[in-house]
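Sequential numbering from 7 applies to the sequence shown in our numbering.
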Amino acid sequence: MITKFNTSALAAAVSAALCANAWAVDPQSVKLADGLNFTPTLEVSERYDDNFRAVEENEESSWITRISPTFILGAEGRKSAYALTYRADSDIFHSSHSDDNTDHHLTADAGFEFDARNRAKLNAGYHKVEETASVDQNVENDKYTTSNVGGVYTYGAKTARTQIDFGANYEELRYQNGQHLNADKERDTTALSSTLYYAVAPKTRALVEARHTEYDYVSNDRLNSNNIALLGGLTWDATAKTSGTVKIGGEKKRFDDSSIDDQSGSMWEVGTTWKPRTYSTFDLKTRRALDEGDNGASAIQSQSTTLSWKHEWLERLSSEVSYTHSDQEYQDIDRDDKIDTFGLGLTYEMRRWLDVGLGYKYSENDSSAVGESYERNIYSVSFTASL
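In structure tokens, the structure reads:
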């Protein structure tokens with residue numbers, strides 16, 4: 007028996023990734039043809055940001071209006087599914103119109119089930135972004151694009167004891183700033199991975215994963231490097247109350263330039279969900295890895311932990327509370343950033359097609375580098391509508 011791909015679930019996953027605030031709204035699709043659906047949504051929000059450049063001194067504040075339309079075109083066949091998603095985030099800074107900008111996000115996803123043992127998922131994306139919270143904001147906001155294409159091939163029946171994934175992804179990062187600002191950060195990234203799963207219980211699988219990532223800088227050749235990582239762990243969906251994936255191991259970063267010391271260390275990725283009640287969900291995510299360097303650092307040893315709680319108080323009223331702590335150790339320079347972020351959101355479903363949200367977010371960066379610490383408060387109200 008061939009299991010059909012669920013296009014709406016695929017599209018919803020893409021939409022949720024781009025619109026973290028949407029939770030209760032239930033968008034309806036327009037049927038264009040057999041197996042072809044179009045799903046539009048619109049989010050309009052007003053927020054007050056008391057430090058939108060995320061700086062220690064000379065903070066700037068503003069009311070900011072955001073208009074975010076999302077359009078999803080989904081198609082579904084007997085053994086395949088496709089989703090094309092476009093989202094625009096247009097920000098209007100009422101106290102600084104020179105910072106008005108529109109971000110564009112375009113993604114394409116496809117899934118195929120060739121037979122019981124062979125499956126594949128493909129993805130591609132293009133993102134054009136402008137950031138006001140950037141280190142060069144005194145000169146010009148960071149303006150960049152990322153484009154990527156990748157996929158995962160899976161061999162092994164879903165009921166088989168053993169399965170294996172082969173993944174690949176290619177990404178380009180380019181900046182559009184004038185006077186070659188940020189040109190030293192432009193790079194091409196090629197990533198390969200393989201994951202072997204072995205069932206140790208009906209709903210629990212052990213895993214071993216190997217990764218190889220190559221970073222090729224366009225002009226800053228001295229930072230060319232490759233990362234090798236080996237991880238082991240478990241993934242489970244044992245009961246209706248708990249699910250998750252734990253990967254623990256190590257990684258090593260080797261630079262082509264012999265004058266830069268190689269980096270190595272422990273690495274982990276953990277994501278778990280606990281649902282003590284159908285209307286209450288706790289999520290824990292933690293990660294440790296070597297990220298690409300910035301501001302003169304050859305690399306950044308990053309470690310972060312996020313705990314969130316979503317709860318439906320009434321049929322139409324829900325809330326979300328989250329806390330994140332991250333530690334960024336800059337390699338080869340004297341800088342260590344400790345960032346704490348607290349978020350609180352309340353969503354009321356006025357209609358099936360209309361949500362009203364209230365939100366608050368507090369961020370604090372305690373940096374050892376002079377002039378890099380800051381505090382930031384964001385207050386927001388949002389309206390999310392669909393058909």
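Positions of the beta carbon are idealized from the N, C-alpha and C atoms, including for glycine.
Using a 10 Å radius around the Cβ and a threshold of 16 neighbouring Cβ atoms, would you call residue i buried or exposed?
| i | result |
| --- | --- |
| residue 238 | exposed |
| residue 226 | exposed |
| residue 111 | buried |
| residue 120 | exposed |
| residue 256 | exposed |
| residue 371 | buried |
| residue 363 | buried |
| residue 204 | exposed |
| residue 164 | exposed |
| residue 210 | exposed |
| residue 78 | buried |
| residue 39 | exposed |
| residue 235 | buried |
| residue 33 | buried |
| residue 185 | exposed |
| residue 374 | exposed |
DSSP three-state label for residue i, please.
| i | result |
| --- | --- |
| residue 376 | coil |
| residue 211 | strand |
| residue 235 | strand |
| residue 229 | helix |
| residue 164 | coil |
| residue 191 | helix |
| residue 180 | strand |
| residue 250 | strand |
| residue 245 | coil |
| residue 155 | strand |
| residue 393 | coil |
| residue 383 | strand |
| residue 256 | strand |
| residue 220 | strand |
| residue 59 | coil |
| residue 339 | coil |
| residue 302 | coil |
| residue 262 | coil |
| residue 64 | coil |
| residue 185 | coil |
| residue 32 | coil |
| residue 388 | strand |
Could you say which of the options lies nearest to residue i if we only look at CA atoms?
| i | options | result |
| --- | --- | --- |
| residue 156 | 113, 352, 373 | 113 |
| residue 259 | 289, 275, 297, 253 | 297 |
| residue 345 | 354, 200, 222, 334 | 334 |
| residue 393 | 201, 358, 80, 300 | 358 |
| residue 309 | 330, 204, 213, 293 | 293 |
| residue 62 | 317, 286, 369 | 369 |
| residue 388 | 375, 353, 374, 302 | 353 |
| residue 283 | 245, 72, 342 | 245 |
| residue 202 | 230, 133, 173, 178 | 173 |
| residue 463 | 46, 42, 67, 43 | Here the chain comprises residues numbered 7 to 393, so residue 463 is not present and cannot be evaluated. |
| residue 323 | 286, 299, 69 | 286 |
| residue 124 | 159, 365, 281, 313 | 159 |
| residue 80 | 381, 321, 115 | 115 |
| residue 177 | 191, 170, 196 | 196 |
| residue 126 | 153, 161, 139, 147 | 161 |
| residue 181 | 136, 213, 200, 154 | 136 |
| residue 349 | 326, 336, 275 | 326 |
| residue 305 | 229, 43, 375, 224 | 229 |
| residue 60 | 277, 44, 104, 139 | 139 |
| residue 380 | 76, 58, 99 | 58 |
| residue 337 | 319, 302, 316 | 302 |
| residue 103 | 69, 133, 132, 117 | 69 |
| residue 313 | 319, 332, 271, 295 | 332 |
| residue 267 | 288, 281, 231 | 231 |
| residue 212 | 170, 96, 386, 318 | 170 |
The beta strand (DSSP E) with residue i in it runs from where to where?
| i | result |
| --- | --- |
| residue 317 | 305-318 |
| residue 43 | 42-55 |
| residue 2 | With the chain covering 7 to 393 only, the question about residue 2 has no answer from this structure. |
| residue 280 | 269-283 |
| residue 286 | 286-298 |
| residue 334 | 323-336 |
| residue 80 | 68-82 |
At the 7 Å Cβ level, is residue i part of the contact set with chain B, yes or no?
| i | result |
| --- | --- |
| residue 101 | Of the protein chains in this structure there is only one, and it is not chain B. |
At what residue ranges does the region 92-150 contain a whole run of the beta strand (DSSP E), taking only runs of 3 or more?
If we require 3 residues or more, the beta strand (DSSP E) runs fully inside the region 92-150 come out as 107-119, 124-137.
Give the list of continuous beta strand (DSSP E) stretches no shorter than 3 residues that lie fully inside the region 344-373.
If we require 3 residues or more, the beta strand (DSSP E) runs fully inside the region 344-373 come out as 360-373.
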